[in-house]
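Visitor: Structure below; questions to follow.
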Amino acid sequence: MAADLLGPAEIRELAAQLGVAPTKKLGQNFVHDPNTVRRIVTAAGLAPDDVALEVGPGLGSLTLGLLPTAGHVHAVEIDPALAGALPATAARFVGPEAAARLTVHRADALRVTAADLADPAPTALVANLPYNVAVPVVLHLLAELPSLRHGLVMVQKEVADRLVAGPGSKVYGIPSVKLAWHAHARPAGKVPPNVFWPVPNVDSGLVAFTRREPPRPDVPRQRVFAVVDAAFAQRRKTLRAALAGWAGGADRAAAALVAAGVDPGARGESLTVEQFAAIAASAPTGTPAAQ
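The sequence shown begins at 1277 in our numbering and counts up one residue at a time.
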């Protein structure tokens, strides 16, 4: 059965029935354009055996597009009214057979664990993410769910640009490096504001990613991310100065940088994730950075 996708009239009808309205607090902007949903599902490149993970399904626009395509869909929704209504919406619009492949989790995506989303484990993250938590949600899920192989997320365009930026870009920063630790990311298109209700005052962007092996499996992720955080906390400073607190002094920072093959006079915005990992591996012994 082909999905009967939600248009503006259906979105408002469902919202009225539930007595809900999108809230800024939860970063909710509901997609009401079927063509945008089809575009996202197509760009996600789901295989029949993929298990999709959707965060913030809202009234179900994207969920209805995913169900006929994926082998199973996990939908994580923090709003109790929306979470409670989603199974019935799925059954109504795509039929009971497809709806049976939906599992709704009334939960905060920043707190879900692999155990919460087991059986079957998610293989693809496909979501219109709430603007206010998009980056931490993506990073949390990639860290928590080793089963995730690929994904496509819709986020604020400015955030999308940061996530896919490379060294040397003006918008390259903490989100860029941390996502690069987990995955290869690329831009997958722009989405105009008028496909949402309510209409946001910014464009949205699609980001596609494919899981990669960590650049340095011998160095804990948390240790690498501590270097990244320190380097960009004072991004206008040289790494020798910016990493002084992390290393226990500017001289120790310089020594770690030289050992990693990095110029102490460089700045964080010029480094690859591999270079950040090399710095973390060269952390001075006897300091918290080496733990």
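We put the CB at the ideal spot given by N, CA and C, even for glycine.
Quick one: is Glu-1353 buried, meaning 16 or more other Cβ sit within 10 Å of its Cβ, or exposed?
Guide: As a working mapping, residue 1353 is identified with position 77 in the sequence shown. Per the 10 Å Cβ criterion, buried.
Visitor: Could you check the C-alpha separation between Asp-1505 and His-1458 for me, to the nearest Å?
Guide: Position 229 of the sequence shown, counted from the start, is the residue given in the question as residue 1505. Position 182 of the sequence shown, counted from the start, is the residue given in the question as residue 1458. Taking the straight line from one Cα to the other gives about 16 Å.
Visitor: Are the Cβ atoms of Ala-1367 and Ala-1375 separated by less than 7 Å?
Guide: Position 91 of the sequence shown, counting from 1, holds the residue named residue 1367. Position 99 of the sequence shown, counting from 1, holds the residue named residue 1375. Cβ distance < 7 Å, so Ala-1367 and Ala-1375 count as in contact.
Visitor: Go to Pro-1298, then tell me how far its alpha helix (DSSP H) extends in each direction, as first and last residue.
Guide: On the sequence shown, position 22 is the one that residue 1298 refers to. Here Pro-1298 belongs to no alpha helix (DSSP H), and DSSP marks it neither H nor E.
Visitor: If you follow the alpha helix (DSSP H) that Leu-1415 is part of, which residue opens it and which one closes it?
Guide: Here residue 1415 corresponds to residue number 139 of the sequence shown, with the count starting at 1. Leu-1415 -> alpha helix (DSSP H) spans 1410-1420.
Visitor: Compute the Euclidean distance between the alpha carbons of Leu-1424 and Arg-1487, then round it to the nearest angstrom.
Guide: Start at 1 with the first residue of the sequence shown, and residue 1424 comes out as number 148. Start at 1 with the first residue of the sequence shown, and residue 1487 comes out as number 211. For Leu-1424 and Arg-1487, the distance between alpha carbons rounds to 7 Å.
Visitor: Tell me whether Lys-1446 sits in a helix, a strand or coil according to DSSP, three-state version.
Guide: Indexing the sequence shown from 1 puts residue 1446 at position 170. Coil at Lys-1446, not helix or strand.
Visitor: Between the region 1280-1289 and the region 1441-1454, are three or more C-beta pairs nearer than 8 Å?
Guide: No contact exists between the region 1280-1289 and the region 1441-1454.
Visitor: Bridge partners of Ala-1328, per DSSP?
Guide: Your numbering for residue 1328 matches position 52 in the sequence shown. Answer is Val-1349, Ala-1400, bridged to Ala-1328.
Visitor: Give the straight-line distance between the Cα atoms of Asp-1325 and Ala-1400, rounded to the nearest whole angstrom.
Guide: The sequence position of residue 1325 within the sequence shown is 49, counting from 1. The sequence position of residue 1400 within the sequence shown is 124, counting from 1. Distance between the alpha carbons of Asp-1325 and Ala-1400: 10 Å.
Visitor: I'd like the list of long-range same chain contacts for Tyr-1448, defined as Cβ closer than 7 Å, with 5 residues on each side in sequence excluded.
Guide: Against the sequence shown, residue 1448 aligns to sequence position 172. These residues qualify, in order along the chain: Ala-1441, Gly-1442, Glu-1545.
Visitor: The beta strand (DSSP E) spanning Gly-1427 covers which residue range?
Guide: Locating residue 1427 in the sequence shown gives position 151, where the first residue counts as 1. Run containing Gly-1427: 1426-1432, per the beta strand (DSSP E) assignment.
Visitor: By DSSP's criteria, Trp-1473 is part of a beta bridge. Which residues make up the other side?
Guide: Translated into the one-based positions of the sequence shown, residue 1473 becomes position 197. The partner list for Trp-1473 (beta bridge, DSSP) reads Phe-1306.
Visitor: According to the Cβ coordinates, are Val-1503 and Ile-1555 closer than 7 Å?
Guide: In the sequence shown, the residue the question calls residue 1503 occupies position 227. In the sequence shown, the residue the question calls residue 1555 occupies position 279. Yes; because the gap between Cβ atoms is below 7 Å, this pair is in contact.
Visitor: Using a 10 Å radius around the Cβ and a threshold of 16 neighbouring Cβ atoms, would you call Arg-1512 buried or exposed?
Guide: In the sequence shown, the residue the question calls residue 1512 occupies position 236. Classification of Arg-1512: exposed, given that the 10 Å Cβ count is below 16.
Visitor: Can you grab the Cα-Cα spacing for the pair Asp-1527 / Val-1538, in whole Å?
Guide: Start at 1 with the first residue of the sequence shown, and residue 1527 comes out as number 251. Start at 1 with the first residue of the sequence shown, and residue 1538 comes out as number 262. Going by the C-alpha atoms only, they are around 14 Å apart.
Visitor: Give me the Cα-Cα distance between Thr-1339 and Ala-1520, rounded to the nearest whole angstrom.
Guide: Indexing the sequence shown from 1 puts residue 1339 at position 63. Indexing the sequence shown from 1 puts residue 1520 at position 244. Taking the straight line from one Cα to the other gives about 48 Å.
Visitor: Where Arg-1438 and Gly-1525 are concerned, what is the direct C-alpha to C-alpha distance, given to the nearest angstrom?
Guide: Residue mapping note: residue 1438 aligns to position 162 of the sequence shown, counting from 1. Residue mapping note: residue 1525 aligns to position 249 of the sequence shown, counting from 1. Looking at the two C-alpha atoms, the distance is approximately 30 Å.
Visitor: Which residues does DSSP list as the beta-bridge partners of Lys-1454?
Guide: Stepping through the sequence shown from its first residue, residue 1454 is reached at position 178. Lys-1454 is not bridged to any residue.
Visitor: Suppose the cutoff is 6 Å on Cβ atoms and the five residues either side in sequence are ignored; what does the same chain contact list for Ala-1361 look like?
Guide: For this step, residue 1361 is matched to residue 85 along the sequence shown. Same-chain partners within the cutoff: Leu-1294.
Visitor: What is the DSSP secondary structure of Thr-1312, reduced to helix, strand or coil?
Guide: By 1-based counting over the sequence shown, the position of residue 1312 is 36. Looking at Thr-1312 - three-state DSSP - the assignment turns out to be helix.
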